[in-house]
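Peer 1:
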Amino acid sequence: ASDWDAHRRYAVVFDAGSSGTRVMIYSWLDPAVAVRLNATADAQFPRIEKGTPDGVDWMHKVTPGLSSFGSRPEAVGKEHLQALLNFAGSIVPVSKWSGTPVYLFATAGLRLLSDDERRGVLSATCSAIRHAPQGFAMPDGCDRHIRMVSGEMEGLFGWLAVNYLMGMDAPSSPQTYGFLDMGGGSTQIAFEPTTAMANDYEADLVPVKLRTLGGKDVVFRVFSTSFLGFGVNEARRRYEQDVLFKEYPIAPAHPADIPAPKDPCLPVDLVVPSRLPGYPDILGTGDLDVCLANQRPLLNKSMACTKQPCLFNGVSAPLDDFQRHRFVGISEYWYTSHELFHLTGGYSRAKYADAAQSLCAMSWSQITHDFEAGSWPRLSNLQDLQLKCFKAAWILTVLHDGFGVPRI
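Once you know that position 372 of the sequence shown is 372 in UniProt numbering, the rest is easy, because the numbers rise by one and skip nothing.
This is the structure we're talking about:
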């Protein structure tokens, strides 16, 4: 073993999302050793690191998601998990396999399956991991190590990760960051409320307990909520139904002979097949403002909340004036602003909306030409650009109409 590995422990964590599963290998110095090396152990949280010395190649992803095995769970080991387990086994030293805990947390994709399908997939997953040659440890049994987590729990994990990465390495760290996650099936928000708001929402806050290297507990009170069905892919599915049903309340007898319904959230002149059998193709007209207006009803803002402030879909949250909060957005927030629009630094609605306006107004032939000319080096697939106007608009809709972020 290398010097780096000498007193190191590992954990293998699977993040089973709606569109794919990632395995991540984490490592940390044995706490007893870390305490000896750290004179200020009470003032420091343990340092969790990526599982490779250089921090490169510590994770691996396969697609599609775990939920695609709902009707054939018996195939999940061979067709899905085996490659991920082999990857994890190549990172964790063989001598430490049996002492390395493994966890799989499934999110929105599995939440959308039936109870029977979900149980079948989780059971087959546990069996595949338990009988794999790596023999990673599950001391607390399948129920604790292999499970579907709630959207609220997903938000709390995200909140922890973001604050850890933003430098919350000690109990004395300043104000924490809020967490925004835009996935495919759901969207999450988690944050530490201001003192005034926390008092009104006491029963809705989760105590997040962290322990310093020296064994001292530090508690943060965090609000976390999830909106199932409001991730970009589920929002698109619901939106498309609206477009088709508005134009054709009853499925047309001869869909090929009727004009294509128009969709302002698709690039100009792009034609996509309808997901609903018996309905005609959909034609893009690329108009961001009309797209935003058409998306707004999907938020279900008219649904009543039990208390204020009311966000959307009947959910209230202890959000104070946004000047008192700071948020980090991940997943689709990042893909769209960074990979698509090449924006960096803090969020500016003006810059983001300008970029979205330009993209939505482009013809599909122009987008195809620009893609082939290398305009989006971080995107590997032309097909991904078909829904980027919709996704870019959905982020504006959720941020400003949903969460009430000021339009500045």
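Every residue, glycine too, gets a C-beta built ideally from N, C-alpha and C.
1) Quick check on DSSP: helix, strand or coil for residue 379?
2) Can you check the region 320-406 for any alpha helix (DSSP H) of at least 4 residues that lies completely inside it and give the ranges in chain order?
3) Residue 87 and residue 131: beta carbons closer than 8 Å?
4) As an exercise, report each continuous beta strand (DSSP E) stretch of at least 3 residues that is fully enclosed by the region 149-189, in chain order.
5) What residues match up with residue 304 in a beta bridge as DSSP calls it?
6) To the nearest angstrom, report how far apart residue 329 and residue 216 are at their CA atoms.
7) Verify whether the separation of the beta carbon atoms of residue 64 and residue 46 is less than 8 Å.
8) What does the alpha-carbon distance come out to for the pair residue 145 and residue 405?
9) Suppose only complete runs of 3+ residues qualify. What are the beta strand (DSSP E) ranges in the region 239-323, listed by chain order?
10) Look at residue 367 and residue 267 and say whether their C-beta atoms are less than 8 Å apart.
11) DSSP puts residue 105 in a beta bridge; with which residues?
12) Can you tell me which of the three DSSP states residue 39 falls into?
13) Closest to residue 332 by C-alpha separation, out of 220, 157, 372 and 384, would be which residue?
14) What is the DSSP secondary structure of residue 230, reduced to helix, strand or coil?
15) Could you check which residue in 263, 271 and 276 has the C-alpha nearest to that of residue 251?
16) Alpha carbon to alpha carbon, how far is residue 391 from residue 92? Give it in angstroms, no decimals.
17) As a quick exercise: from 171, 138, 170 and 53, pick the residue whose alpha carbon is nearest that of residue 97.
18) Can you tell which of 296, 318 and 75 has the C-alpha that lies nearest to the C-alpha of residue 465?
19) Report the residue from 371, 336 and 363 whose alpha carbon sits nearest the alpha carbon of residue 355.
20) When the Cβ atoms of the region 229-236 are set against those of the region 206-220, are three or more pairs found closer than 8 Å?
21) Does residue 172 pass the burial test, meaning 16 or more other C-beta atoms within 10 Å, or should it be called exposed?
22) Use the C-beta contact count for residue 6: other C-beta atoms within 10 angstroms, 16 or more gives buried, fewer gives exposed.
23) Are the Cβ atoms of residue 70 and residue 122 separated by less than 8 Å?
24) Counting along the chain, where does the beta strand (DSSP E) carrying residue 27 start and finish?
25) Which runs of the alpha helix (DSSP H) fall wholly inside the region 193-230 and span at least 4 residues, in chain order?
26) Could you tell me the alpha carbon to alpha carbon distance between residue 14 and residue 323, rounded to whole angstroms?
27) Less than 8 Å between the C-beta atoms of residue 120 and residue 73, yes or no?
28) Are residue 151 and residue 228 closer than 8 Å when you measure CB to CB?
29) Would you give the residue range spanned by the alpha helix (DSSP H) that residue 62 belongs to?
30) Comparing C-alpha positions only, which one of 21, 365 and 340 sits nearest to residue 353?
31) Quick one, which of 110, 89 and 106 has its alpha-carbon nearest residue 100's?
32) If I measure Cβ to Cβ from residue 156 and keep anything under 8 Å in the same chain, skipping five residues before and after, which residues do I get?
Peer 2: According to the data block:
1) coil
2) 349-361, 364-372 and 388-396
3) no
4) 178-182
5) Note: residue 304 sits in no beta bridge, so no partner.
6) 30 Å
7) no
8) 37 Å
9) 282-284
10) yes
11) 15 and 147
12) coil
13) 384
14) coil
15) 276
16) 37 Å
17) 138
18) Residue 465 cannot be examined here, being either before or after the span of the chain that is shown, 1 to 408.
19) 336
20) no
21) exposed
22) exposed
23) no
24) 21-29
25) 195-200
26) 36 Å
27) yes
28) yes
29) No alpha helix (DSSP H) contains residue 62, which is instead part of the beta strand (DSSP E) from 59-62.
30) 340
31) 89
32) 190, 206, 208, 222 and 224
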